[in-house]
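Count along the sequence shown from 1, then add 146; that gives the number in this note's numbering. Every residue gets a Cβ at the ideal spot worked out from N, C-alpha and C, and that includes glycine. Bear in mind that the values here come from a model prediction, so they are computed numbers and not experimental data. What follows is a single structure, written as structure tokens, with notes after it.
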Amino acid sequence: MKRPWSISLRLTLWFGGIFFLGWLLFGAAMWWNLHHTLVNERYGTLARREERLEKLLLADRNRNVAERMQDFAGFASATGHGLCEILDEQGRPAYPVPRGEAQYFPWPQVKDSGAEQFEQVGAAGESWWVLGRPFSLGSEKLYVMDAAPEADNRVVLDRFLTGLLASIPLLLLISSAGGYFLSRRALLPVDRISASARTISITNLSQRLPVPRTGDELQRLSETCNAMLERLEGAVSRIRQFTADASHDLRGPVSFMRTVAEVALRNPKIDADSRASFGEIVSESENAAALLENLLTLARADAERADVALVTLDLRHVVEEACEVAQPLAAERQHTLLVDLDSSRNYRVMGDFASLRRLFWILLDNAVKYTPSPGRIEVGLSCCADELVVAVRDNGIGISEEDLPRIFDRFYRADPSRGQVEGNGLGLSIAKWIAEMHRARLSVASVVHSGTTFEIAFPADAE
Ligand code: ADP
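Rendered as structure tokens:
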């Protein structure tokens with residue numbers, strides 16, 4: 147399945163994207179502004195030059211033509227690129243062109259209105275700004291034109307653009323890093339809340355999520371989740387209470403039914419059919435009693451009412467006793483029960499004898515049940531690293547990989563065992579709870595058609 151992008155990543159991308167777009171818009175606005183300023187500045191330069199030329203023409207008005215032309219030529223070569231021209235009313239050059247370039251320069255057409263004009267023309271592969279203005283010299287109507295290259299403006303604009311583009315990678319990096327940092331910071335409480343929510347399960351429903359005192363959506367979210375947990379805890383506790391009460395109250399009638407059926411069976415006068423029916427009642431009520439007992443145990447475990455006092459005891463004795471009970475059952479199914487309990491050292495743990503015996507009994511009972519006859523069941527006790535390990539190994543039907551993670555769930559029975567072997571799917575849940583009560587680790591390894599090994603590792607510090 148395609149993994150969705152995390153919120154931090156999406157926020158980082160958004161942040162980077164918006165920052166980038168903002169920077170582009172800002173850059174474009176700045177570029178336009180700079181362009182405008184430079185064009186204005188060009189206009190100003192040309193206008194000032196033309197004012198000086200007009201002053202010169204006014205000063206020269208009473209001089210002879212040769213002197214005027216000389217002054218104009220001097221002015222032209224001293225200013226700009228010498229690209230200026232004075233036109234008469236018919237649009238013809240009123241003075242000889244001071245420099246060759248001006249003669250071939252593509253001066254724009256003077257408008258009919260004879261008004262001022264400021265425009266761009268191209269000459270020899272370059273762009274020029276041209277300012278043309280009307281000017282009256284007494285009764286004479288003249289038109290002054292002056293040109294300046296745009297190249298300097300281009301250099302400034304190109305430099306600006308290069309700087310703008312060169313700063314993009316750095317800006318993207320800074321904006322993405324900033325975006326990531328800010329989004330991580332903003333979402334840190336979410337990580338804390340989800341980490342805490344992950345630790346909450348049916349076994350610790352009284353736990354609550356941390357509430358960040360920020361007054362924002364995150365605080366409201368945690369408070370809402372906590373309120374939901376509170377409701378769930380109440381509902382689960384009512385169900386547990388009901389299960390405990392029901393299994394407790396049903397024990398009496400079930401044992402009464404069994405006793406009545408057993409008494410009836412002792413009567414020699416009953417016929418064969420009735421005997422078979424009473425026999426079934428006895429066997430079914432035994433199963434029902436076992437189920438009720440298991441339910442009651444788990445209900446008490448859930449309510450943490452299993453007030454068992456842990457005392458120092460020798461693990462070997464507990465295992466021995468469980469094996470003694472299992473031996474006749476194994477023999478009945480033609481299984482070989484091999485018990486190898488290392489007697490060279492003490493296996494002392496802090497525990498409850500009855501609970502531990504029940505735990506080993508559940509594992510031995512399963513080994514007997516789920517191993518085809520004649521099978522082999524081995525029970526071992528060993529000490530490795532800082533753990534005391536009891537292992538129950540069989541060469542039975544095994545458990546498939548899909549079933550393995552679920553066999554400790556309540557009422558879970560792996561497929562091959564359903565309907566074929568008696569049971570209610572509660573044994574391993576109880577075994578697990580007893581192991582946890584002793585801070586022991588219950589693990590399983592299994593290969594289908596080859597066998598299963600359960601191990602209970604007690605911490606050696608409990609010695
Ligand atoms: P039950 O034995 O009453 O069905 P358990 O909780 O003891 O319930 O076991 C759950 C399931 O795990 C069993 O139904 C069975 O499928 C599987 N199982 C347990 N122990 C063994 C074993 N030694 N070999 C094969 N399967 C096992």
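- Separation of Pro358 and Gln365 (C-alpha to C-alpha, rounded to the nearest whole angstrom) is 5 angstroms.
- In this structure Arg503 is buried. Its beta-carbon is surrounded by 16 or more other beta-carbon atoms within 10 angstroms.
- Taking a C-beta distance under 8 angstroms as the contact criterion, Ser519 and Gln480 qualify as a contact pair.
- Residues of the same chain with a CB within less than 6 angstroms of the CB of Ala407, apart from the 5 flanking positions on each side, are Phe424, Ile427 and Val428 in chain order.
- Annotation: Glu467 is outside any beta strand (DSSP E); the continuous alpha helix (DSSP H) that includes it extends over Leu461 to Glu478.
- For Thr598, the enclosing beta strand (DSSP E) covers residues Gly597 to Pro605.
- Setting aside the 5 residues that flank it on each side, Ala581 is surrounded in the same chain by Leu505, Arg587, Leu588 and Ile602, each with a C-beta closer than 8 angstroms to its C-beta; the list follows chain order.
- The beta strand (DSSP E) runs lying completely inside the segment 490-538 and spanning 3 residues or more are 494-497 and 522-530, given in chain order.
- Residue state for Ser282 is assigned as strand, using DSSP reduced to three classes.
- Linking Arg539 to Phe600 through their CA atoms gives a straight-line distance of about 6 angstroms.
- Remark: the C-beta of Ile508 is in contact range of ligand 1, defined as less than 7 angstroms to any heavy atom.
- Beyond the five residues adjoining it in sequence on each side, Gly542 comes within less than 8 angstroms, by CB distance, of Ala513, Tyr516, Thr517, Pro518, Gly521, Gly597 and Thr598 in the same chain, given in chain order.
- Between Pro254 and Val276, the beta carbon gap of about 6 angstroms places them in contact (Cβ cut-off 8 angstroms).
- Here DSSP, grouped into helix, strand and coil, assigns Tyr289 to strand.
- Under the three-pair Cβ rule at 8 angstroms, the segment 274-294 counts as touching the segment 197-207.
- Counting the other Cβ atoms within 10 Å of the Cβ of Asp292 gives 16 or more, which makes it buried.
- For Thr598, the shortest separation between its Cβ and any heavy atom of ligand 1 lies below 7 angstroms.
- The secondary-structure analysis by DSSP pairs Gly542 with nothing; it has no beta-bridge partner.
- When beta bridges are read from the DSSP output, Ser589 appears opposite Glu601.
- For a cut-off of 8 angstroms, the C-beta gap from Gly573 to Ile508 is around 4 angstroms, short enough to register as a contact.
- In the three-state scheme derived from DSSP, where H, G and I count as helix and E and B as strand, Leu310 is classed as helix.
- A buried status is given to Phe604, since no fewer than 16 other beta-carbon atoms sit within 10 Å of its beta-carbon.
- Residue Ala577 holds the alpha-carbon nearest to the alpha-carbon of Asn440 among Ala577, Asp234 and Ala219.
- If you keep only unbroken alpha helix (DSSP H) runs of at least 4 residues inside the segment 191-253, you get 211-224 and 246-250.
- Closer than 7 angstroms to some heavy atom of ligand 1: that does not describe the Cβ of Ser546.
- Spatial neighbours of Arg330 in its own chain (CB-CB distance under 7 angstroms, excluding positions within 5 residues in sequence) are listed in chain order as Ser154.
- Where Leu378 is concerned, the enclosing alpha helix (DSSP H) starts and stops at Glu363 to Arg412.
- Placement of the Cβ of Arg559 at a distance of less than 7 angstroms from at least one heavy atom of ligand 1 is found.
- Closest in alpha carbon position to Ala248, among Ser223, Glu262 and Glu265, is Ser223.
- Per DSSP, Leu572 lies in no beta strand (DSSP E) and is assigned neither H nor E.
- Judged by DSSP in its simplified three-state form, Ala455 adopts coil rather than helix or strand.
- Between Arg354 and Leu375 the beta-carbon gap is near 6 angstroms, inside 8 angstroms, which marks them as a contact.
- Each residue's CA atom was taken as its position, placing Val336 and Thr349 some 23 angstroms apart.
- Counted as a single uninterrupted DSSP element, the alpha helix (DSSP H) harbouring Leu437 occupies residues Ala418 to Asp448.
- Assignment of Asp298 by DSSP, reduced to helix, strand and coil, places it in the helix class.
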